[in-house]
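Written below as C-alpha cells is the structure these notes are about.
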Amino acid sequence: MTERLEDRIEAVAGVGLRSLENGIFHVHIPKTGGSTLNNAFKGAPNYFNSGHAFGVDDVVHVGHIAHFERGWKTWPTYIYDRNFRKCIRFAVIRSPTEWLFSYYYHNQRPNLDGWGWASAVEYHGFQSFEQFAESFLDHDFEWHCRPIRDFQIAQCFDRNGKCQVDFLVYKERLNDAISVFSKLLGHEAALVAKPRNIGAYRNRYVTNPDLTNRLLFRFRTEMALFGYQKDGSIDPERALLESDGIFAFPDRLRFDLRSGCVSLD
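Quick note on this note's numbering: the sequence shown kicks off at 868 and runs consecutively.
Laid out in C-alpha cells, this is it:
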C-alpha cells in the first residue's frame, strides 16, 4: 500500500461507519479498465462493484439497447447499496483521449448489438470516429449520457457536487493497483491486466491533427486534475489533485451534475 493511500483509508475509517474491514466498493466508470479489476477480484467476498451506476437516482438514459430491453428509464444508482455506505470507495480513471477512443470502438465486432459504449455509436448513427468525436465536442449535441460527456468521472458525485469515492486508480497502473488490492483484501487476484501501449488507439485511428488538438483542449481539465500528459503518460508532480502516480485523491474535487462545472475547494 502506498503511504498516501494508507493515510486516506485511515482518515475515512476515523469518521462514520466506513472501514477497510467492511471491504472496498468500486464505482465503475465505463471504458477505464474497471472490468479487469472486477474479474481479478471476482471471488473476493469483500470486493463490491456498483456497475455503471451514479450517485443520484434520476439520470435519464437513452440509446442503451440492454437497458431498453429491461424497461429501465434511468441509470442505476448505488446510493441505496449498503456496501456503498459501509466500504472504502474507489473508481478507475484513464487518459481521456484513450478513454474516448475505447468508448467509440467498444463492441466493434460482427454480430454484437450496440456498437460504442452503451450503444452510443449505433444510437446516434455515427459513421466514423471523427463524426463521433465532433459530436462529443459539440456542447449543444444531445449526447446519449450527458454527465459522462461532461466529466469522465461524473458517476462519482452526489446531487450536491460532493465526490463519493475516497481514491482514484490510474488505469495505466492497474497492475500496481491489483497488487495493492490483493494485500488490502487478503485475496490473491485471479489475473493481472494486459497493458495496452499508450497511444495505441490514437496511433491507429487518428489522422486528423486538428481534431487531436481540439480533443486535447476539451480534456484539459481532466488532464490537469489527474496529471495526464499529451502522450497519455502520467506526471503526478503536475496533477492538481494529490497523486502518487498509482492513486489520485479527489478530496477537494467538486462536480455539478446540472451545469457540468468542475471545481476544487
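Here a beta-carbon is modelled for each residue, glycine too, at the ideal position from N, C-alpha and C. None of the values given here were measured: they were computed from a predicted structure.
Residues near residue i in its chain [Cβ-Cβ closer than 7 angstroms; skip 5 each side]
i	result
Asn906	Ala1057, Leu1058
Arg1085	Leu1004
Ala911	Leu1052, His1054
Trp966	Lys898, Thr899, Gln1019
Ile1101	Tyr1037, Glu1039, Gly1094, Tyr1095, Gly1112
Residues near residue i in its chain [Cβ-Cβ closer than 6 angstroms; skip 5 each side]
i	result
Glu1089	Pro963, Gln1019
Arg1121	Gly1028, Ser1130
Ala1106	Phe1093, Gly1094
Pro977	In this predicted model, Pro977 has a pLDDT of only 47, less than 50, meaning its place in the structure is not dependable enough to derive any value.
CA nearest to the CA of residue i, picked from the options
i	options	result
Ala1044	Ser995, Val923, Ala1000, Phe957	Phe957
Glu888	Ile946, Ser986, Ala880	Ala880
Asp1025	Asp1132, Phe921, Phe908	Phe921
Ile960	Asp1102, Asp948, Ala1115	Ala1115
Lys1061	Ser986, Gly901, Asn1080, Gly918	Gly901
Lys909	Ser1049, Lys1038, Glu1109, Ile1101	Ser1049
Glu1039	Val882, Arg1119, Gln1096, Ser917	Gln1096
Gln1022	Leu1124, Leu1107, Ala1000	Leu1124
Asn913	His919, Ile955, Ala878, His895	Ile955
Pairwise C-alpha distance: residue j and residue i
i	j	result
Ile891	Ile876	10 angstroms
Gly1028	Asp1098	30 angstroms
Phe1034	Glu1104	17 angstroms
Leu904	Leu1041	8 angstroms
Arg871	Val1047	13 angstroms
Gly1094	Gly1112	9 angstroms
Gly1127	Asp1017	5 angstroms
Tyr971	His893	23 angstroms
Ala1091	Val1036	16 angstroms
Asp1077	Asn950	45 angstroms
Asn1080	Asn974	26 angstroms
Phe915	Asp1132	29 angstroms
Phe996	Leu1083	15 angstroms
Tyr947	Ser1110	30 angstroms
His918	Asn1075	Correcting the residue type first, residue 918 is Gly in the shown sequence and not His. Spanning the two alpha carbons is a distance of roughly 34 angstroms.
Ile1015	Glu1001	16 angstroms
Val882	Gln994	50 angstroms
Pro1117	Thr869	16 angstroms
Ile896	Gln998	23 angstroms
Buried versus exposed, by CB contacts within 10 Å (16 or more), residue i
i	result
Gln1031	buried
His1006	exposed
Val1129	buried
Ser969	buried
Glu873	exposed
Asn878	Residue identity check: residue 878 is Ala in the sequence provided, not Asn. By the neighbour-count rule (16 or more Cβ atoms within 10 Å), Ala878 is not buried but exposed.
Phe1008	exposed
Cβ-based neighbour list, residue i, same chain, cut-off 8 angstroms, excluding 5 preceding and 5 following
i	result
Arg952	Leu884, Arg885
Leu979	Bear in mind that a pLDDT of 47 at Leu979, under 50, signals an unreliable position, so the number given afterwards is only what the model happens to contain. Closer than 8 angstroms at the Cβ level, and outside the excluded window around Leu979, lies no residue.
The segment 938-950 in contact with the segment 917-930 per 3-pair CB rule at 8 angstroms: They touch, by the three-pair rule.
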